[in-house]
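In what follows, a single structure is set out as structure tokens and then discussed.
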Amino acid sequence: MATRILGIDLGTYAIKVLAVAPGFRQVTPLELLEYPLPPPVHDGEELPARAARGLAALLEQHGLLAEAGYVGAGGEQLFIHVLDFAFRNLRRPDLEKAVGAELEGILPIDLEEMVFGFDTLPEGLGEVQAPLARDPAGSPLARDPEDEPTAVRGAGAQGAAPPAGHGRVAEPTQGSRVLACAMEIERARTMLELLEAHGCEPRGLIATPAAYGAVVARLAAAAPAGAEPAFTGAPGSDPVAVIDIGHARTNVCVVADGKPAYARSIARGGRNVTEALARSLSMPFHDAEARKHSAGFIASAAEPAIEPEQQRIHGAISRELGSLGREIRRTLQSCRAKTGATAQYVLLVGGGSRLGGVPSFLAETLGLPVERLSSAHAQALFGDKLAGVGAPVDTACVAAGIAFESAGGRPHFDLRQGELAYKADLSFLRERAPALLAAAVILLCFATFNGFAALYKLRRAEASLQTELALETTTLFGEPLDVTATMARIGGAAAGKKSVLPRMTAYDILLEVNNKLPAKGDVTLDVQQLDIRQGKVTFEATARSSPEIDTVEESLQSIECFQEISRGSTSVGAEDVREFSFNIKTNCM
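With full-length UniProt numbering, the residue at position 146 of the sequence shown is 146, and numbering never jumps.
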């Protein structure tokens with residue numbers, strides 16, 4: 001039986017798995033595993049097959065094959081869009097239909113050929129002008145070109161792009177704004193079948209670029225009370241951009257109010273940096289990879305390249321990292337233009353974040369504070385146990401986001417839906433049958449005991465009431481009587497008295513009149529007044545002819561409470577309409 005949740009990141013460089021124990025109020029990280037992607041067993045073995053084989057070996061080695069696993073779907077397989085709708089407060093099943101129809105109109109595939117997940121964006125994005133972006137030193141960056149320093153204006157004139165905090169801001173929506181992730185159903189089916197063929201059957205398929213919301217929410221929950229709100233990612237604070245520089249791709253996820261507001265996967269990563277280094281220094285790829293890990297460095301104004309080795313490596317990789325920085329800046333500006341969320345802080349994760357000088361380089365490129373995962377972040381995310389042993393937390397944020405969100409219930413961006421939905425096996429009930437039976441017996445025993453206790457209490461109350469009744473009847477009638485004799489004595493004395501309660505209320509009479517009046521097709525009746533008082537009802541109306549008036553009178557005479565009906569005078573009004581009235585005596589009020 002599955003007792004743990006596994007967040008699985010099938011990276012192009014390594015496989016990461018985070019095992020967590022879901023609880024009532026919190027999720028506890030238990031184990032973090034990282035396994036290098038195995039080499040191909042034959043020429044032409046594709047990356048997904050290698051990843052499935054490596055995952056199966058890793059889970060089998062650690063006895064985790066029976067646990068509930070949730071696998072991430074990479075950004076290269078996804079379509080990610082922000083959708084605007086004119087309506088709001090729609091039930092999720094109805095909103096799901098609207099999202100599907102909108103995606104079908106945008107994507108080059110039919111609705112039947114895709115699976116998708118979505119979540120509504122936080123309300124209020126773009127309503128208030130976002131705080132000023134900050135430079136690496138923490139000073140605000142001016143937004144008005146007239147207020148910018150001369151050096152900044154001069155740089156812009158030479159073609160420098162504005163910081164990520166500048167540009168158009170989306171207007172607040174009056175309806176709903178949704179972040180949707182879609183995937184071709186055949187791709188999803190192929191991926192699931194490949195994993196199942198190796199003995200791994202994931203319960204969910206999570207869109208990786210949108211998996212960072214739970215990570216930021218967990219960091220926000222652990223933030224100290226005096227932390228600057230813009231840096232916490234907590235609900236109500238400024239949006240946070242998580243930039244995950246992986247081996248093949250870079251994921252950017254802007255989190256606002258603890259939820260993903262925008263996501264994109266950029267087809268650049270550490271592998272591109274290694275290839276640039278290999279080309280520039282004329283060395284094999286593996287040697288360039290080792291050189292990058294040991295001496296990789298990118299210079300910036302805050303961290304200039306001083307050593308000759310740093311200068312050589314900076315010259316080799318600056319063009320590639322410059323292109324990556326521009327793509328990230330465009331992504332944040334696109335997020336601002338489509339959702340109104342302006343990132344005010346960058347959390348840098350992934351293997352590429354370990355490259356020397358990257359935080360300062362990106363801070364200058366984006367005009368935002370950039371910070372790597374610190375030991376305090378690691379402790380907040382993974383607890384003292386995993387953080388204390390030096391677990392590689394900076395590369396495990398995707399696995400952590402998948403695990404934390406999946407442990408809290410059905411994740412919003414789970415693409416295993418429809419015909420691909422996971423079908424739970426109830427065989428685990430047989431394993432737990434003895435414990436369930438014992439629990440049922442214990443509950444039955446407690447219920448029986450509670451029933452006997454309640455019955456004993458009722459009998460004691462009955463005996464007390466009988467004693468009190470005997471005392472009262474002795475005082476009234478001169479002898480003790482039981483309930484039956486007392487009711488007979490009291491009932492006989494009151495048999496000739498009329499009840500003071502009315503048989504019918506005015507509302508009951510109104511309903512009775514409405515039920516007894518002729519149907520609309522039988523008479524042309526227009527009731528002008530119906531006055532119901534104690535003992536008397538006044539009925540005034542109009543009809544087309546005298547026979548119709550007779551029909552109305554006959555229908556009212558059939559009401560049991562009406563004793564006598566007296567017809568008043570009848571007059572002819574406009575358009576030959578008969579005006580008439582009835583005075584009715586009643587005996588029910």
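Virtual Cβ for every residue (Gly too), placed ideally from N, Cα, C. Note that the structure is predicted; figures quoted are calculated from it, not measured.
*Within this structure, are the beta carbons of V349 and K16 separated by less than 8 angstroms?*
To locate residue 349, count along the sequence shown from 1; it is residue 349. To locate residue 16, count along the sequence shown from 1; it is residue 16. No, Cβ-Cβ distance for V349 and K16 is not below 8 angstroms.
_Under the three-state DSSP convention, the category I490 falls into_ = The residue labelled residue 490 in the question sits at position 490 within the sequence shown. Reduced to three states, the DSSP call for I490 is helix.
*Spatial neighbours of E579 within its chain, please: CB distance less than 6 angstroms, with the 5 preceding and 5 following residues excluded, ordered by chain position.*
Counted from its first residue, the sequence shown places residue 579 at position 579. Contacts found: T542, S571 and G573.
*Whole angstroms is fine: what's the gap from P480's alpha carbon to R459's?*
The residue labelled residue 480 in the question sits at position 480 within the sequence shown. The residue labelled residue 459 in the question sits at position 459 within the sequence shown. Going by the C-alpha atoms only, they are around 20 angstroms apart.
*Closer than 7 angstroms by C-beta to E31: which residues in its own chain qualify, once you throw out the five before and the five after it? Chain order, please.*
Here the question's residue 31 lines up with position 31 in the sequence shown. Excluding sequence neighbours, E31 sits near A19.
*asked:* On the CB-based measure, 16 or more other CB atoms within 10 Å of its CB, does E405 come out buried or exposed?
replied: Position 405 of the sequence shown, counting from 1, holds the residue named residue 405. It is buried - the Cβ of E405 has at least 16 other Cβ atoms within 10 Å.
_So within the segment 427 to 489, which uninterrupted alpha helix (DSSP H) runs reach at least 4 residues, ignoring any that extend past its ends?_
428 to 431 and 433 to 477
*Residues bridged to E31 [DSSP beta-bridge criterion]*: For the purposes of this step, residue 31 is taken as residue 31 along the sequence shown, with counting starting at 1. Beta-bridge annotation (DSSP): E31 is paired with A19.
_Buried or exposed, going by whether 16 or more other CB atoms sit within 10 Å of the CB of I106?_
The residue given as residue 106 occupies position 106 in the sequence shown. Result: exposed.
*What do you reckon, is the C-beta of A295 under 7 angstroms from a heavy atom of the ligand GTP?*
Because no ligand of any kind appears in the structure shown, any question about the ligand GTP cannot be addressed here.
*Per DSSP, which one or two residues make a beta bridge with G7?*
As a position in the sequence shown, residue 7 is number 7, starting the count at 1. L18 and Y70, per the DSSP bridge assignment.
_With H, G and I counted as helix, E and B as strand and the rest as coil, what does DSSP make of E184?_
As a working mapping, residue 184 is identified with position 184 in the sequence shown. If DSSP states are grouped into helix, strand and coil, E184 belongs with the strands.
_Runs of beta strand (DSSP E) wholly within the segment 306 to 391 (minimum 3 residues, chain order)_ = Segments of the beta strand (DSSP E) lying fully in the segment 306 to 391: 345 to 349 and 370 to 372.
*Are the beta-carbon atoms of G356 and G296 separated by less than 8 angstroms?*
The sequence position of residue 356 within the sequence shown is 356, counting from 1. The sequence position of residue 296 within the sequence shown is 296, counting from 1. Against a cut-off of 8 angstroms, the Cβ pair of G296 and G356 comes out as a contact.
*From V370 to Q174, what distance separates their C-alpha atoms?*
Taking the first residue of the sequence shown as 1, we reach residue 370 at position 370. Taking the first residue of the sequence shown as 1, we reach residue 174 at position 174. Each residue's alpha carbon lies about 33 angstroms from the other.
*Only counting runs of 4 or more residues, tell me where the alpha helix (DSSP H) segments fall wholly within the segment 501 to 572, in order along the chain.*
Runs of the alpha helix (DSSP H) inside the segment 501 to 572: 506 to 516 and 546 to 557.
*asked:* Which of the three DSSP states is assigned to H62 in this structure?
replied: Taking the first residue of the sequence shown as 1, we reach residue 62 at position 62. Note: H62 maps to coil in three-state DSSP.
*Unbroken beta strand (DSSP E) run spanning S280, endpoints*: Here residue 280 is taken as the residue at index 280 of the sequence shown, counted from 1. Counting along the chain, S280 falls outside any beta strand (DSSP E), though it belongs to the alpha helix (DSSP H) covering G270 to L281.
*Rounded C-beta distance between R177 and D84? I'm assuming under 8 angstroms.*
Position 177 of the sequence shown, counted from the start, is the residue given in the question as residue 177. Position 84 of the sequence shown, counted from the start, is the residue given in the question as residue 84. Here R177 really is in contact with D84; their C-beta atoms are around 6 angstroms apart, less than 8 angstroms.
*Presumed contact (8 angstroms Cβ cut-off) between A73 and A207, rounded CB distance*: The count along the sequence shown starts at 1 and reaches residue 73 at position 73. The count along the sequence shown starts at 1 and reaches residue 207 at position 207. Right, the Cβ-Cβ distance comes to about 6 angstroms (below 8 angstroms), so this counts as a contact.
_I need the boundaries of the alpha helix (DSSP H) containing A295, first residue and last residue._
For the purposes of this step, residue 295 is taken as residue 295 along the sequence shown, with counting starting at 1. For A295, the uninterrupted alpha helix (DSSP H) segment begins and ends at F285 to A295.
*Within this structure, are the beta carbons of L6 and R218 separated by less than 8 angstroms?*
Reading the sequence shown from its first residue, position 6 is the one you call residue 6. Reading the sequence shown from its first residue, position 218 is the one you call residue 218. Their beta carbons are not under 8 angstroms apart, which means L6 does not touch R218 by this criterion.
*Among L373, Y262, L471 and T395, which has the Cα closest to the Cα of R330?*
Residue numbering aside, residue 330 sits at position 330 when the sequence shown is read from its first letter. Answer by Cα proximity: Y262.
*What does E405 pair with, by DSSP beta-bridge criteria?*
Start at 1 with the first residue of the sequence shown, and residue 405 comes out as number 405. Note: E405 sits in no beta bridge, so no partner.
*Can you list, in chain order, the stretches of the beta strand (DSSP E) that have 3 or more residues and sit fully within the segment 67 to 119?*
Counting only runs of 3+ residues, the beta strand (DSSP E) found wholly inside the segment 67 to 119 occupies 68 to 73 and 78 to 85, in chain order.
*Would you call Y212 buried or exposed, if buried means 16 or more other Cβ atoms sit within 10 Å of its Cβ?*
To locate residue 212, count along the sequence shown from 1; it is residue 212. Around the C-beta of Y212, 16 or more other C-beta atoms lie within 10 Å, and the residue is accordingly described as buried.
*What are the partner residues of residue 590, as DSSP defines its beta bridges?*
Nothing about residue 590 can be reported from this structure: the residues present for the chain run from 1 to 589 only.
*Drop a sphere of 10 angstroms on the beta-carbon of M1, count the other beta-carbons inside from all chains shown, and report buried for 16 or more, exposed for fewer.*
On the sequence shown, residue 1 is found 1 positions in, with the first residue counted as 1. For M1, the predicted model reports a pLDDT of 47, less than 50, meaning its position is unreliable; a value from the coordinates is still stated below. Exposed.
*Within the same chain, show all residues whose beta-carbon is closer than 8 angstroms to that of E564, passing over the 5 residues directly before and after it, in chain order.*
The sequence position of residue 564 within the sequence shown is 564, counting from 1. Excluding residues within five positions, the ones whose Cβ falls inside 8 angstroms are I584 and K585.
*Sheet register partners of E579 (DSSP bridge)*: On the sequence shown, residue 579 is found 579 positions in, with the first residue counted as 1. Its beta-bridge partners are T542 and S571.
*Is the segment 314 to 321 touching the segment 264 to 276 in the sense that three or more CB pairs, one from each, lie closer than 8 angstroms?*
yes
*Between L103 and the rest of its own chain, which residues show a CB-CB distance below 8 angstroms, the 5 nearest in sequence each way excluded?*
The count along the sequence shown starts at 1 and reaches residue 103 at position 103. F79, H81, L83, L111, M114, F116, A180 and A182, listed in sequence order.
_Taking the straight line between their C-alpha atoms, what separation do you get for D257 and L125?_
To locate residue 257, count along the sequence shown from 1; it is residue 257. To locate residue 125, count along the sequence shown from 1; it is residue 125. Here the C-alpha atom of D257 lies approximately 10 angstroms from the C-alpha atom of L125.
*If you draw a straight line from the alpha carbon of A453 to that of L476, how long is it in whole angstroms?*
The residue given as residue 453 occupies position 453 in the sequence shown. The residue given as residue 476 occupies position 476 in the sequence shown. So the alpha carbons of these two residues sit roughly 35 angstroms apart.
*Between the C-alpha atoms of T28 and E67, what's the straight-line distance to the nearest angstrom?*
Residue 28 sits at position 28 when you count from the first residue of the sequence shown. Residue 67 sits at position 67 when you count from the first residue of the sequence shown. Rounded to whole angstroms, T28 to E67 spans 15 angstroms at the Cα level.
*Cα-Cα, which of D238, D287 and A214 is closest to Q344?*
As a first step, residue 344 must be located in the sequence shown, where it is residue number 344. Looking at the Cα atoms, D238 is the closest of the given residues.
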